[in-house]
Amino acid sequence: MSELKKKINYTVVCVNEFANKLNIAEKEAFDYLYKYKGIAFIKEHYDIEHTLSMDDAIDDIIMICRNNGGNL
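This is the structure:
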């Protein structure tokens, strides 16, 4: 599997897990993560984030989004 495909798959998993954790729709989760830089964070820090537990990665993403004005 190519590195790009791994990053895409990981991003999809993060969006789905974020949605599940906050009990929101996947589309709403993606829009929120995109708006508040969560998706950019996943892309930029994939090399580190994918080695963490999913709970830790989602906690990191929540923190990044809050730091960028998100309030979910």
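Under this note's numbering, the first residue of the sequence shown is numbered 3, with each subsequent residue one higher.
Glycine is no exception: its CB is placed at the ideal position from the N, C-alpha and C atoms.
Going by the beta-carbon positions, is the gap between residue i and residue j smaller than 9 Å?
{"i": "Gly71", "j": "Gly40", "result": "no"}
{"i": "Ile63", "j": "Phe43", "result": "yes"}
{"i": "Gly31", "j": "Phe20", "result": "Residue 31 is actually Ala in this sequence, not Gly. Yes. Within cutoff."}
{"i": "Val17", "j": "Leu35", "result": "yes"}
{"i": "Ile66", "j": "Tyr48", "result": "no"}
{"i": "Glu51", "j": "Tyr12", "result": "yes"}
{"i": "Leu24", "j": "Leu74", "result": "yes"}
Where do the N-terminal and C-terminal ends of the alpha helix (DSSP H) with residue i fall, by residue?
{"i": "Ile41", "result": "Gly40 to Glu46"}
{"i": "Tyr26", "result": "It should be pointed out that residue 26 corresponds to Ile in this sequence rather than to Tyr. No alpha helix (DSSP H) contains Ile26, which DSSP labels as neither H nor E."}
{"i": "Met65", "result": "Met56 to Asn69"}
Does the ligand PLP have a heavy atom nearer than 8 Å to the CB of residue i?
{"i": "Lys45", "result": "The model depicted lacks the ligand PLP and carries no ligand whatsoever."}
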